[in-house]
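If you count by our numbering, then the sequence shown holds residues 3 to 134, one letter each, in order.
For each residue, glycine too, the CB sits at the ideal point set by N, CA and C.
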Amino acid sequence: PVFTSSVGVDGSSVDTNMWDITATFSRDGVVPLVPAPVTGVTVSSFTCGGGCTETGVSLSVSDVSVSDVLSAWVLHVVLDSTARSGMTLYFDMEEAAAGVSPPNKAREASGSYALTWTPPTPTITSSVSAMS
């Protein structure tokens, strides 16, 4: 599969706490897969490293239908207020990943798809002047 994300390209720093990583499957570069859809993709079909197992990180998966054929799946990542700032999460999918049918090839890109969480920093200002 090919990984993409609307929150940033591979290696990006991201300041939002909800990420979607889309895994698009193709056969020789053709999408959608005809006649066989890709089924059985779950959270455990993805390899997730770095901060994925830390407190404050939750993962879920949903399917995406392209021309009525399942050829893409989305890994949803949600970081709550306890998630550590600056952590990097790494995503991949190995050949014949858990549950995927028909069995998939490994992701073609070298290395994992990585995103680093850099939450927004509040700026506090005051309109009250200093007293002397």
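Beyond the five residues adjoining it in sequence on each side, D17 comes within less than 7 Å, by CB distance, of T120, P121, P122 in the same chain, given in chain order. For T24, the enclosing beta strand (DSSP E) starts and ends at 20 to 26.
Counting of Cβ neighbours within 10 angstroms places I126 among the exposed residues, the total staying below 16. The region 59 to 68 makes no contact with the region 94 to 108: fewer than 3 CB pairs, one atom from each, lie closer than 8 Å.
In the structure shown, S112 adopts coil according to DSSP, grouped into three states.
Cα atoms of V80 and E110: separation of roughly 26 Å, rounded to the nearest angstrom. For C50, the enclosing beta strand (DSSP E) begins and ends at 49 to 52. Around the CB of G113, fewer than 16 other CB atoms lie within 10 Å, so the residue is classed as exposed. DSSP places T90 in the strand class (E or B) of the three-state scheme. For the options G52, A116, Y115, V66, the alpha carbon positioned closest to that of R86 is the one of G52. In this structure A74 touches A25 by the C-beta definition: roughly 7 Å separates them, less than 8 Å.
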